[in-house]
DNA sequence: AGGTCCGCTATTTTT
DNA sequence: TAGCGGACCT
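In UniProt numbering, the protein residues as written are 1 to 723.
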């Protein structure tokens, strides 16, 4: 078989990684060095050259998106869908294992995955049931406590006994929460991994089964793995599997949520792998890479890596100092406008920032200029309140014992089941040792409710039972549609929320029905005997999904530095380069956290392909208060010869101290009026529909015959008047 | 039971 | 400045 296509486009280091014989491999893959490529080709190489069965391969990624991409690329390279190949996130893979061996780990077949919100609510419930002071034990904090310990593989009994009563109570909350989950068949995200770890550790048959199966384990983004994930890798691998680990210690930016960069060096120590560095970069100009290298060089304890390129030097990195955050946004948007006028696409431009709150000013400015944009992050589809409400009904239809679902929807829409009534149901459930639904049913049957509450509860129970009865043989789409209609959520939102808000919720519910109708059950789920409904519920929890509207329009991309990881854009702005904001105040005290901020800066810079700007403001409103800010220390770490002050400080002071030069004088009036017909080199012929400003800032909006409506700055656009 | 108002807090996010 | 949660009022 001809396998040259697996190697021909690879550089030496990439090829070495793809073809490595024997032993383990650690690929230190710099930004833009083609690591996904290496992983994909490695998988194809193993299958086609070493004739490894796809069944014997396990590939682990960090996000579902990455998993999907890798699956698609492997399929494309092999020219077929590799059946039996496991590609997924740690959570997805563990979920699959637990579904197959639910009985082995003491879980019911119908176990339900708790997403973070479900978990939060349940923990709050537990704290209230324990009659603790919620000020002293905030549910958020307890959630952090529990997840932190689980991520380190610790059960309540593994936590060192403290003489500190506060810590003891925290452990008690953890234990009670866990007991609740056990009784109700609920599994949170960390539990998926921990439970799987325990299964493979304590059950010799299962351990042997998976160790025999997976001869090769490939892991992406290893610098983002936590302690539990590393332990899991070691358990599955045993001493037979060959590990192929890809990571970049310089791009570790999730330490704050338990990721251990040290896993990379630990792996090098524990498994003695062949270490291969991918340092040739195919993304950025030499200028950008040199600057990024210089910044990251200020970190200690690196494994060491220097990105280089065969490409051109490129333009200097623009540094802009704005008076205010507003002016910063104006500058950025003006540069984006230039980009567009020079023929660039909006989607090629990305504005990156440290915290989400910063997006507002950019949005405002882009909106004012009529440039389309898209803000990343924010609420994901399956996390929206209306979706979770509808899914709550669905979950109860699937499994009456799903208490979090019961709590969520028992009085949504309001049907007169108040806190007192629910408390009575909880109490009954606790003493009888049943679920809330069962307790409510028993109380209805024994007439334990007052008349009004009783009717309301009976009505609710009937809605669920009736939905189940009516839809036994229905498709998932029909069931979903019946749920949305019967629960009548749309009316509820319309009645108590702003019309546009309600409308958007309604649209989302319609979208949810469509998602159910078009749901394509994964083959493996079907094989492990899951119903489509169970699959759908699991997927909703496991992949909350982008599902955001206006998918692939040509939009300027606004996102945090964190969400930019893995992406690339020709034109990039790193905004808010200010002490206290970036590096963030909370990260400046400890050196370890500062290093992570610096890595974040490195990640941000290396997103840029052609043009990079770093901008900051000298004053900014934060938490409703305007304060003076100072340039980020990271700016000082850039080599001066690679940067260019876009508007040097001196010029600004000159402008004011000399009483303003000609700059602020109104320029000569232009002769473009509303209705003028004009011609543009690239956009063709159009009509002026709007005129704004004067002098060098004058802008006109033109309705082009073919290119649509655009705002153009006259001093750049080079318009010709035709009439 | 349910709606309104006030006060507190305030990175980063995937599963 | 804005969003969320709890206390308070109807």
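Idealized CB from N, CA, C, for every residue including glycine.
Buried/exposed call for residue i, threshold 16 Cβ in 10 Å
i	result
residue 603	buried
residue 130	exposed
residue 368	exposed
residue 668	For residue 668, the predicted model reports a pLDDT of 40, less than 50, meaning its position is unreliable and no value from the coordinates is stated.
residue 666	Note that residue 666 scores a pLDDT of 36, beneath 50, so its modelled location is shaky and nothing firm can be said.
residue 554	exposed
residue 323	exposed
residue 431	exposed
residue 225	buried
residue 141	exposed
residue 508	buried
residue 659	Only weak support exists for where residue 659 lies, its pLDDT of 28 falling under 50; the value from the coordinates is given anyway. So residue 659 counts as exposed.
residue 663	The predicted model places residue 663 with a pLDDT of 34, which falls under 50 and marks its position as unreliable; any figure quoted below should be read in that light. Exposed.
residue 490	buried
residue 365	buried
residue 256	exposed
residue 623	exposed
residue 261	buried
residue 703	exposed
residue 57	buried
residue 92	buried
residue 115	buried
residue 306	exposed
Boundaries of the alpha helix (DSSP H) in which residue i is found, first to last residue
i	result
residue 146	139–151
residue 322	It is not in any alpha helix (DSSP H) - residue 322 instead sits in the beta strand (DSSP E) that spans 317–322.
residue 758	Residue 758 is absent from the model: the chain starts at 1 and stops at 723.
residue 87	Where residue 87 is concerned, there is no enclosing alpha helix (DSSP H), although the beta strand (DSSP E) it sits in stretches over 86–89.
residue 620	Taken as a continuous stretch (DSSP letters only), residue 620 belongs to no alpha helix (DSSP H), being part of the beta strand (DSSP E) at 619–622.
residue 169	165–184
residue 464	451–470
residue 679	Per DSSP, residue 679 belongs to no alpha helix (DSSP H); it is in the beta strand (DSSP E), 677–680.
residue 54	Per DSSP, residue 54 belongs to no alpha helix (DSSP H) and is neither H nor E.
residue 159	Where residue 159 is concerned, there is no enclosing alpha helix (DSSP H), given that its DSSP letter is neither H nor E.
residue 271	262–271
residue 410	From DSSP, residue 410 is part of no alpha helix (DSSP H); its letter is neither H nor E.
residue 254	Premise fails: residue 254 is in no alpha helix (DSSP H) and is neither H nor E.
residue 332	325–341
residue 366	359–369
residue 192	189–202
residue 132	Note, residue 132: premise wrong, no alpha helix (DSSP H); not H, not E.
Distance between beta carbons of residue j and residue i, contact taken as under 8 Å
i	j	result
residue 180	residue 105	No, residue 180 and residue 105 are not in contact; Cβ-Cβ is about 17 Å, not under 8 Å.
residue 750	residue 568	Outside the shown range of the chain (1 to 723) lies residue 750, about which nothing can therefore be said.
residue 32	residue 626	Actually they are not in contact, since the Cβ atoms of residue 32 and residue 626 sit about 38 Å apart, beyond 8 Å.
residue 220	residue 66	6 Å
residue 288	residue 608	5 Å
residue 89	residue 52	That belief does not hold up - the Cβ atoms of residue 89 and residue 52 are roughly 22 Å apart, past 8 Å.
residue 440	residue 461	6 Å
residue 558	residue 373	6 Å
residue 250	residue 599	6 Å
residue 683	residue 714	In fact, because the Cβ distance is near 14 Å, the residues do not count as touching under 8 Å.
residue 46	residue 216	6 Å
Start and end residues, beta strand (DSSP E) containing residue i
i	result
residue 244	242–247
residue 559	556–560
residue 448	Per DSSP, residue 448 belongs to no beta strand (DSSP E) and is neither H nor E.
residue 274	274–278
residue 570	569–574
residue 283	Element bounds for residue 283: n/a, residue is neither H nor E.
residue 29	25–29
residue 376	No beta strand (DSSP E) contains residue 376, which DSSP labels as neither H nor E.
residue 216	216–219
- Item | Inter-stretch contact at 8 Å, needing at least 3 Cβ pairs: the stretch 534–544 / the stretch 393–409 | yes
- Take every Cβ of the stretch 69–85, pair it with every Cβ of the stretch 38–49, and state whether three or more of those distances are shorter than 8 Å. yes
- Would you say the stretch 340–350 touches the stretch 635–647, given that touching needs at least three Cβ pairs under 8 Å? no
- Message: Could you check whether the stretch 186–193 touches the stretch 99–114, counting it as contact only if at least three pairs of C-beta atoms, one from each stretch, sit closer than 8 Å?
- Response: yes
- Message: Closer than 8 Å is the cut-off here; do at least three beta carbon pairs connect the stretch 358–375 with the stretch 332–340?
- Response: yes
- the stretch 369–389 contacting the stretch 585–603, beta-carbon criterion three pairs below 8 Å: no
- Please specify which runs of the alpha helix (DSSP H), each continuous and at least 4 residues long, are wholly inside the stretch 579–643, giving them in chain order. 591–605, 633–636
- Message: Does the structure place the stretch 195–213 close enough to the stretch 243–252 that three or more beta carbon pairs sit under 8 Å?
- Response: no
- Query: Is it true that the stretch 94–101 meets the stretch 521–531, where meeting means three or more beta-carbon pairs spaced less than 8 Å apart?
  - Reply: yes
- Three or more C-beta pairs closer than 8 Å, one from the stretch 408–418 and one from the stretch 446–462: is that the case here? yes
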